[in-house]
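Structure first, then comments.
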Amino acid sequence: MAEVPGLAGSVFKLRYSHARQELYDTAADVLGDASLDLDRPWVLDRLSSLSYTIAAGTSQIQRDIVAERILGLPKGR
1 MAEVPGLAGS
11 VFKLRYSHAR
21 QELYDTAADV
31 LGDASLDLDR
41 PWVLDRLSSL
51 SYTIAAGTSQ
61 IQRDIVAERI
71 LGLPKGR
């Protein structure tokens, strides 16, 4: 994944990590117990998708950046 700089990067990271998790969660719902088969390559991708909400700053930190710097909201906490 190419790096997107600055505030656009925060927005992109939030949307991408959320969309990726939603995609894998939906697939797991459709597949049921078959979604737990670690021999399927996408299962490991699903597990790694959880790390995208942490990598390059947690999703909450990214939300705070967007709220403060793009929306102009006061600092929370």
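The opening position of the sequence shown corresponds to residue 1 in the UniProt record's numbering, with each subsequent residue numbered one higher. Beta carbons are placed, not taken as given, at the ideal position from N, Cα and C, and that holds for glycine.
Residue j and residue i - do their beta-carbons sit closer together than 8 angstroms?
| i | j | result |
| --- | --- | --- |
| Q62 | K13 | yes |
| R69 | L7 | yes |
| R46 | Y24 | yes |
For the alpha helix (DSSP H) containing residue i, name the first residue and the last one.
| i | result |
| --- | --- |
| T58 | It is not in any alpha helix (DSSP H) - T58 carries neither H nor E in the DSSP assignment. |
| E68 | Unbroken run through E68: none, as it is neither H nor E. |
| R46 | 41 to 49 |
Roughly how many angstroms lie between the CA atoms of residue i and residue j, to the nearest whole one?
| i | j | result |
| --- | --- | --- |
| S48 | K75 | 31 angstroms |
| S10 | R20 | 15 angstroms |
| T58 | A67 | 14 angstroms |
Does any heavy atom of the ligand GTP sit closer than 7 angstroms to the C-beta of residue i?
| i | result |
| --- | --- |
| H18 | No copy of the ligand GTP occurs in the structure displayed, which carries no ligand at all. |
In chain order, what residues of the same chain have a beta carbon less than 6 angstroms from the beta carbon of residue i, not counting five sequence neighbours either side?
| i | result |
| --- | --- |
| P41 | none |
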